[in-house]
Amino acid sequence: MELSALEKTSILIEALPYIREFYGKTVVIKYGGHAMQSCELKRAVMQDVVLMHLVGMRPVLVHGGGPEITQMMERLGKKPEFIQGQRVTDAETMEIVEMVLVGKINKEIVAEINRLGGRAVGLCGKDGMLIEAEKQSGDVELGFVGQVRRINPGIIETLIAEGYIPVVAPIGVGPEGESYNINADYVAGELAAALKAHKLVLLTDVEGILADKKDPSSLLSAVEVTRVPELIEAGIISGGMIPKVQCCIRALEGGVARTHIIDGRVPHSILLEIFTDKGIGTMVVP
Ligand SMILES: Nc1ncnc2c1ncn2[C@@H]1O[C@H](COP(=O)(O)OP(=O)(O)O)[C@@H](O)[C@H]1O
Ligand SMILES: CC(=O)N[C@@H](CCC(=O)OP(=O)(O)O)C(=O)O
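So for the sequence shown, our numbering puts the first residue at 829; every next one is plus one.
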């Protein structure tokens, strides 16, 4: 469908209030591996990020890449294993995780944003000591799975101030310089809190939080933080959705104004979320 010049102009004018609302505001976007399915979708996400930046927002992208890590492990003859949604990460797996996330996916995203006219810089938690981490505590032994000890957002703030779009791979650095594999959702929540972001948007492969996982029409458009424990207890929120809500809660506690879980399979879903009244997906609210 080709739009007329007048239609294009009116779309821009309708976006004005939203551009004004978000001008100069930091928006952290978590781009999950399951929403990286096709080249077209990847490009649409990068276009959204470039456009946000061009109209004066300050997007920061945190990416995952779980399915690609799994594929690479299988190619190298290793069997991926997950406990409570987290990858069991021995030393060899840690090397693979770092190669795939930092060496491959991070650089692909940076190259695509730059090709589209943005100026992206790729980082992992080791750069500027961005993500200080430690071995995850708990009953289960997950090897080099880490938890965030401290975010040092200085390097991100410097890049934003200089007009760059930071792209962050979720690898943390330990006291001895060792690498830790951290779920990208947790990194996004902690980073949004440390940056006092205006908004956190998590892109995933479902419509949002569903009351019935098999029924997309059961989408919960808003979920209050106080309801989350009972939803987890009842098995309504499970698996990969648990880190996502936890990450939203962490961000809200850290002063982030709005947190959203939206469908990354819908082209330009970030723009639909930001530039329309409708709102899509689930908003996690205090
Ligand atoms: N209540 C729920 N509503 C929607 N999805 C849910 C729910 N509970 C668990 N899930 C699962 O969470 C998954 C999203 O998490 P995950 O696979 O880790 O995505 P990503 O790669 O985007 O981080 C969904 O595909 C779905 O299987
Ligand atoms: C500890 C842990 O599980 N880390 C994740 C890191 C990548 C990630 O979070 O990717 P998605 O956002 O695509 O799920 C992993 O190894 O798969």
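A virtual CB, placed ideally from N, CA and C, is assigned to each residue, including glycine.
Ranking 1052, 983, 945 and 1060 by CA distance to the CA of residue 882 puts 945 first.
Using a C-beta cut-off of 8 Å, the stretch 850-862 makes contact with the stretch 1027-1043, since at least three inter-stretch Cβ pairs fall below that distance. Taking 4 residues as the shortest admissible run, the stretch 834-871 contains no complete alpha helix (DSSP H) segment at all. The beta carbons of residue 929 and residue 997 sit about 4 Å from each other, so the pair counts as a contact at 8 Å. Sorting 905, 962, 895 and 886 by C-alpha distance to the C-alpha of residue 974 places 962 at the top.
For ligand 2, a non-hydrogen atom lies closer than 7 Å to the CB of residue 914.
Taking C-beta atoms under 8 Å as the contact rule, residue 1001 and residue 959 qualify, at a distance of about 7 Å. In the structure shown, residue 897 adopts helical secondary structure according to DSSP, grouped into three states. Straight through space, the alpha carbons of residue 1074 and residue 1014 are spaced by roughly 8 Å. Less than 8 Å divides the Cβ of residue 1071 from the Cβ of residue 1011. For residue 1091, the beta-bridge partners assigned by DSSP are 1032. Taking a 10 Å sphere around the C-beta of residue 876, we find 16 or more other C-beta atoms and assign the residue as buried. Inter-residue distance for residue 846 and residue 1092 is about 21 Å (C-alpha atoms, whole angstroms). In this chain, residue 1069 is not harboured by any beta strand (DSSP E); it is covered by the alpha helix (DSSP H) spanning 1069-1081. If the five residues before and after residue 987 are omitted, its C-beta is found closer than 6 Å to the C-beta atoms of 949 and 994, all from its own chain and listed in chain order.
Here DSSP, grouped into helix, strand and coil, assigns residue 977 to strand. Annotation: residue 842 to residue 914 spans about 42 Å, alpha carbon to alpha carbon.
Residue 951 sits buried, since 16 or more C-beta atoms from the chains shown fall within 10 Å of its C-beta. Residue 1022 counts as buried, since no fewer than 16 other beta carbons sit within 10 angstroms of its beta carbon. If you draw a straight line from the Cα of residue 983 to the Cα of residue 831, it is about 41 Å long.
When only Cα atoms are considered, residue 844 and residue 1105 end up about 13 Å apart.
In this structure, the straight-line span from the alpha carbon of residue 834 to that of residue 1064 is close to 46 Å. Taken from the Cβ of residue 1033, at least one heavy atom of ligand 1 lies inside 7 Å. Closest by C-alpha distance to residue 954, out of 1007, 936, 906 and 1038, is 1007. In the three-state reduction of the DSSP assignment, residue 1066 falls in the coil class.
About 18 Å separates the beta carbons of residue 1113 and residue 1016, which is beyond the 8 Å limit, so they are not a contact pair.
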